[in-house]
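Enquirer: Handing you this structure, nothing more for now.
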Amino acid sequence: MTPLSAPFPMTRFRRLRATPALRALVRENALTPSDLIWPLFLMQGEEQEVSVPSMPGVVRRTVDRAVAAAREAHALGIPAVCLFPYTAMEHRTADCAEAWNPDNLSNRAIRAIKDAVPEVAVMTDIALDPYNIDGHDGFVENGEIVNDRTVEALVRMALAQARAGADILGPSDMMDGRIGAIRRALESEGFQNVSILSYAAKFASAFYGPFRDAVGASAALKGEKKTYQMDPGNSDEALRLVARDLEEGADMVMVKPGMPYLDICRRVKDTFGAPTFAYQVSGEYAMLRAASLNGWVDGDRVMMESLLSFKRAGCDGVLTYFAPAAARLMHG
Ligand code: PBG
Numbered sequence: 000m001t002p003l004s005a006p007f008p009m010t011r012f013r014r015l016r017a018t019p020a021l022r023a024l025v026r027e028n029a030l031t032p033s034d035l036i037w038p039l040f041l042m043q044g045e046e047q048e049v050s051v052p053s054m055p056g057v058v059r060r061t062v063d064r065a066v067a068a069a070r071e072a073h074a075l076g077i078p079a080v081c082l083f084p085y086t087a088m089e090h091r092t093a094d095c096a097e098a099w100n101p102d103n104l105s106n107r108a109i110r111a112i113k114d115a116v117p118e119v120a121v122m123t124d125i126a127l128d129p130y131n132i133d134g135h136d137g138f139v140e141n142g143e144i145v146n147d148r149t150v151e152a153l154v155r156m157a158l159a160q161a162r163a164g165a166d167i168l169g170p171s172d173m174m175d176g177r178i179g180a181i182r183r184a185l186e187s188e189g190f191q192n193v194s195i196l197s198y199a200a201k202f203a204s205a206f207y208g209p210f211r212d213a214v215g216a217s218a219a220l221k222g223e224k225k226t227y228q229m230d231p232g233n234s235d236e237a238l239r240l241v242a243r244d245l246e247e248g249a250d251m252v253m254v255k256p257g258m259p260y261l262d263i264c265r266r267v268k269d270t271f272g273a274p275t276f277a278y279q280v281s282g283e284y285a286m287l288r289a290a291s292l293n294g295w296v297d298g299d300r301v302m303m304e305s306l307l308s309f310k311r312a313g314c315d316g317v318l319t320y321f322a323p324a325a326a327r328l329m330h331g
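Going by numbering that gives the first Met the number 0, the first residue of the sequence shown is number 0, and it counts up by one from there.
The following block contains the structure:
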């Protein structure tokens, strides 16, 4: 459909931009706090927060402080938090057994948050990298990241998180076949109502740098993730991955990173109409924050403009480290 308009001067586009009231009336997309998922970094200990140097304003928090953050999310109208553990070095092993320990940091945090603030949905991360001595999302055998054995471990990890009370599982590992395997396990273990938000189109990106600092994976990672994460040059492949994950039982899908991949968000939403999310990742947050701390851009305005871009691109919601700041701004 080509929108129709009379030739100038009968049509003057500036008429509808003339006042705040008219601009508000014709605005096509809006952001609300309920569009946001707030990622939280966890660490061992009590009553502590430690800042992440490459992500100014972001902290790692102990479980009690993560509970406090979940309460804050609830007060701000943010419907979900997503948990990422900073795993102590002694819990990183070649067999990744800590990943499905029912009492690991993530699972303890899930239980504590669901206990204290049941209204807030808890999303998890499913991948072996926080627990793997090699820093990879899958098991490494003779230098190769192996698929099928990794999927079996991911299923154990998923079940441990479901048992802890997670609402939304987030497989972020990019192994083939993991969504179907996790969905079948959830069905047979009585977790029919646990949903899966698949990191379906996750690109091998340099924008994950600050996150790997935050969870202590930068030092651990040997090599790169290009044999399982997507090539940034690809777009059709993203559609095939989303189709595959939806067919295997994903309830929602994600494109990651966000801002450099808005074209993918739009194609995914137009093609499938499924609940679609983008992850505005650590490097995107870091670059906007760094520019604003230098006084080069208006921090609040670039934050809101960047988040609105996801809605315009067709996303139903955004995982963003800006979640509390953006929600506070929206509440005035
Ligand atoms: C790991 C994982 C990563 C992120 C989320 N889960 C990093 C990676 O794949 O190396 C990145 C998030 C961010 O950069 O904010 N499975």
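By construction, the Cβ of each residue, glycine as well, lies at the ideal position given by its N, Cα and C atoms.
In this text the structure is predicted, and so the values were computed from the model without any measurement.
Is it true that the stretch 149-167 meets the stretch 233-240, where meeting means three or more beta-carbon pairs spaced less than 8 angstroms apart?
Expert: No, the stretch 149-167 does not touch the stretch 233-240.
Enquirer: How close, in whole Å, do the beta carbons of arginine 60 and alanine 68 come, if the pair is a contact with beta carbons under 8 angstroms?
Expert: For arginine 60 against alanine 68, the beta-carbon gap comes to about 6 angstroms, under 8 angstroms, which counts as contact.
Enquirer: Classify valine 241: buried if its beta carbon has 16 or more other beta carbons within 10 angstroms, exposed otherwise.
Expert: buried
Enquirer: Please tell me whether, using a cut-off of 7 angstroms, the distance from the CB of valine 280 to the nearest non-hydrogen atom of the ligand PBG is below it.
Expert: yes
Enquirer: Should leucine 75 and proline 32 be called a contact, given that it needs their Cβ atoms to be closer than 8 angstroms?
Expert: Yes; because the gap between Cβ atoms is below 8 angstroms, this pair is in contact.
Enquirer: Could you compute how far the alpha carbon of serine 105 sits from the alpha carbon of tryptophan 37?
Expert: 15 angstroms
Enquirer: Taking the alpha carbon of threonine 86 as the reference point, which residue from Asn103, Asp262, Glu247 has its own alpha carbon closest?
Expert: Closest by alpha carbon: Asn103.
Enquirer: Would you identify the three-state DSSP class for lysine 113, choosing helix, strand or coil?
Expert: helix
Enquirer: Quick one: complete beta strand (DSSP E) runs, 3+ long, within the stretch 67-147?
Expert: 79-84, 120-122
Enquirer: Under a CB-based cut-off of 8 angstroms, is alanine 184 close to chain D?
Expert: Of the protein chains in this structure there is only one, and it is not chain D.
Enquirer: Quick check: what's the CA-CA separation for glycine 313 versus glutamate 283?
Expert: 19 angstroms
Enquirer: Which word fits arginine 182, buried or exposed, when buried means at least 16 other C-beta atoms lie within 10 angstroms of its C-beta?
Expert: buried
Enquirer: On the three-pair Cβ rule with 8 angstroms, is the stretch 240-260 touching the stretch 199-207?
Expert: yes
Enquirer: For cysteine 95, which of Val154, Gly169, Met173 has the nearest alpha-carbon?
Expert: Val154
Enquirer: Go through its chain and collect everything with a Cβ distance to glycine 215's Cβ below 6 angstroms, but skip five positions before and after it.
Expert: Tyr85
Enquirer: Leaving out five residues before and five after phenylalanine 276 in sequence, what residues of the same chain have Cβ atoms less than 8 angstroms from its Cβ?
Expert: Ile36, Leu196, Met251, Val252, Met253, Val254, Cys314, Asp315, Gly316, Val317, Leu318
Enquirer: On the DSSP letters alone, give me the boundaries of the alpha helix (DSSP H) that arginine 324 sits inside.
Expert: A quick correction: the sequence has alanine, not arginine, at residue 324. Where alanine 324 is concerned, the enclosing alpha helix (DSSP H) stretches over 322-329.
Enquirer: Taking only runs that begin and end inside the stretch 269-325, name each unbroken alpha helix (DSSP H) of 4 or more residues, in chain order.
Expert: 281-292, 298-311
Enquirer: Give the secondary structure of tyrosine 150 by DSSP, where H, G and I count as helix, E and B as strand, and everything else as coil.
Expert: It should be noted that the sequence gives valine, not tyrosine, for residue 150. In this structure, valine 150 counts as helix in the three-state DSSP scheme.
Enquirer: Is the beta carbon of leucine 307 less than 8 angstroms from the beta carbon of asparagine 28?
Expert: yes
Enquirer: May I ask whether a heavy atom of the ligand PBG can be found less than 7 angstroms away from the beta carbon of lysine 225?
Expert: No - the ligand PBG has no heavy atom lying nearer than 7 angstroms to the Cβ of lysine 225.
Enquirer: Output the distance between the C-alpha atoms of glutamine 228 and glutamate 71, rounded to the nearest integer angstrom.
Expert: 33 angstroms
Enquirer: Determine the DSSP secondary structure at phenylalanine 210, reduced to helix, strand or coil.
Expert: helix
Enquirer: Can the beta-carbon of serine 305 be found less than 8 angstroms from the beta-carbon of tyrosine 207?
Expert: no
Enquirer: Closer than 8 angstroms is the cut-off here; do at least three beta carbon pairs connect the stretch 135-148 with the stretch 185-192?
Expert: no
Enquirer: Quick check: does the Cβ of tyrosine 85 come within less than 7 angstroms of any heavy atom belonging to the ligand PBG?
Expert: With a cutoff of 7 angstroms, tyrosine 85 does not count as near the ligand PBG, since its C-beta is closer than that to no heavy atom of the ligand.
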